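Numbering (the UniProt record's numbering), first residue to last: 1 to 389.
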């Protein structure tokens, strides 16, 4: 009986490798928009649980989950509405670790990612190195973790082009965290993006006050999904992409480093919201566009911005806070000192990933040469530069 079960585990392993090879070939030759990819991904996702069951029955050793020892989260939801200018935080995770839907799964990653900065200081990511700029390769081939993104359309006709752009953009977010904390440190997560035209169902799942501002979307950690209300007659596809990237940035970031200080989490989400995805590459909003937004919405002092907790963030001039946080993250990606400070911040957050946001409130870009005072001076100078400087 034991031999039979061990043989079953071997056969399932072979089937898993064949399925992974199939997805790899599809990525190379068919792209993210392949109509049969979702079917293959479902097959792949079904094999590991069967394999683990066979190993358990046969008494074979298996790798324990890194999150198995901690408690599950309590309900935690953040919502976004109206051009990224309004959020509400409901509850806070007791612990990120041990959450259903997050697991380590052996998955070969045979993909090389590149990152570069063009002459305007705009950060870009892609699977192919550009011919016009010096690109840096980072360790996408060294890890064994990845993530799965499932899209669900409810009352909305599926848009395959949109799906391809969403998947590519989500991978770019994931790539950035791989660059910051190391690809071998990434946690695999199974994330669902649900796009619905059913307003009643959306409000019910959201659970907020229907008499107040109604969001365009929200993300729920306990359900491991981002949900967007989409009225095609009133919302453009460009706006839908922005909301989707913003919420996915929150979810992916949270699985990697847990709850973040508000300025940091919202700044990153605002930064990723501006992605312009073409095929498998992503380019971010230009420096001049951020300068124009800050000129319109105003800029906060960094000491005040960094000190805000979630309740304070949502009770004041929200547009100014989002503009400042997004512009700050963008500025930091354009210089070696800024990128080093962002990397240090990400690694500090990852080191205390399972702790509450309150335990990380003190995280600031203090590793920037000269500290926050020098950072604010350099940031102000960047904001005041003339167009195309």
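By construction, the Cβ of each residue, glycine as well, lies at the ideal position given by its N, Cα and C atoms. If you're wondering where the values come from, they're calculated on a predicted model, not measured in any experiment.
Backbone CA spacing between residue i and residue j [nearest angstrom]
| i | j | result |
| --- | --- | --- |
| residue 382 | residue 229 | 36 Å |
| residue 308 | residue 331 | 20 Å |
| residue 254 | residue 360 | 13 Å |
| residue 282 | residue 160 | 18 Å |
| residue 218 | residue 247 | 7 Å |
| residue 240 | residue 227 | 11 Å |
| residue 340 | residue 204 | 43 Å |
| residue 379 | residue 273 | 21 Å |
| residue 372 | residue 326 | 16 Å |
| residue 349 | residue 362 | 10 Å |
| residue 261 | residue 202 | 27 Å |
| residue 222 | residue 370 | 40 Å |
| residue 95 | residue 354 | Only weak support is given to the placement of residue 95: the predicted model assigns it a pLDDT of 45, under 50, and the value that follows is read from those uncertain coordinates. Rounded to the nearest angstrom, the two C-alpha atoms are 5 Å apart. |
| residue 367 | residue 292 | 28 Å |
| residue 374 | residue 276 | 31 Å |
| residue 151 | residue 290 | 30 Å |
| residue 336 | residue 208 | 42 Å |
| residue 320 | residue 210 | 25 Å |
| residue 318 | residue 235 | 22 Å |
| residue 343 | residue 179 | 8 Å |
| residue 347 | residue 193 | 27 Å |
| residue 164 | residue 233 | 22 Å |
Nearest-angstrom Cβ-Cβ length linking residue i and residue j, presumed shorter than 8 Å
| i | j | result |
| --- | --- | --- |
| residue 244 | residue 166 | 6 Å |
| residue 156 | residue 181 | Not a contact, Cβ separation roughly 35 Å. |
| residue 231 | residue 189 | That pair is no contact at about 29 Å. |
| residue 186 | residue 256 | 6 Å |
| residue 191 | residue 225 | 7 Å |
| residue 147 | residue 174 | 6 Å |
| residue 177 | residue 252 | 7 Å |
Burial state of residue i (16 or more Cβ within 10 Å)
| i | result |
| --- | --- |
| residue 303 | exposed |
| residue 316 | exposed |
| residue 385 | exposed |
| residue 102 | Note that residue 102 has pLDDT 39, beneath the 50 cutoff, so the model's placement of it is unreliable and no number is given. |
| residue 172 | buried |
| residue 154 | exposed |
| residue 358 | exposed |
| residue 200 | exposed |
| residue 352 | exposed |
| residue 278 | exposed |
| residue 338 | buried |
| residue 311 | exposed |
| residue 295 | exposed |
| residue 249 | buried |
| residue 297 | buried |
| residue 158 | exposed |
Contact check, residue i vs residue j, beta carbons under 8 Å
| i | j | result |
| --- | --- | --- |
| residue 215 | residue 206 | yes |
| residue 170 | residue 149 | yes |
| residue 237 | residue 162 | yes |
| residue 300 | residue 324 | yes |
| residue 306 | residue 364 | yes |
| residue 220 | residue 356 | no |
| residue 271 | residue 345 | no |
| residue 266 | residue 322 | yes |
Report the start-end ranges of each beta strand (DSSP E) in the region 225-264 that is 3 residues or longer and not cut off at the edges.
225-229
Can you check the region 320-373 for any alpha helix (DSSP H) of at least 4 residues that lies completely inside it and give the ranges in chain order?
Entirely contained in the region 320-373, the alpha helix (DSSP H) runs reaching 4 residues are, in chain order, 336-351.
Enumerate, from N- to C-terminal direction, the unbroken beta strand (DSSP E) stretches of 3 or more residues contained entirely within the region 272-299.
276-278 and 281-283
What are the start and end residues of each continuous alpha helix (DSSP H) run of 4 or more residues lying completely inside the region 157-229, in chain order?
160-181 and 199-206
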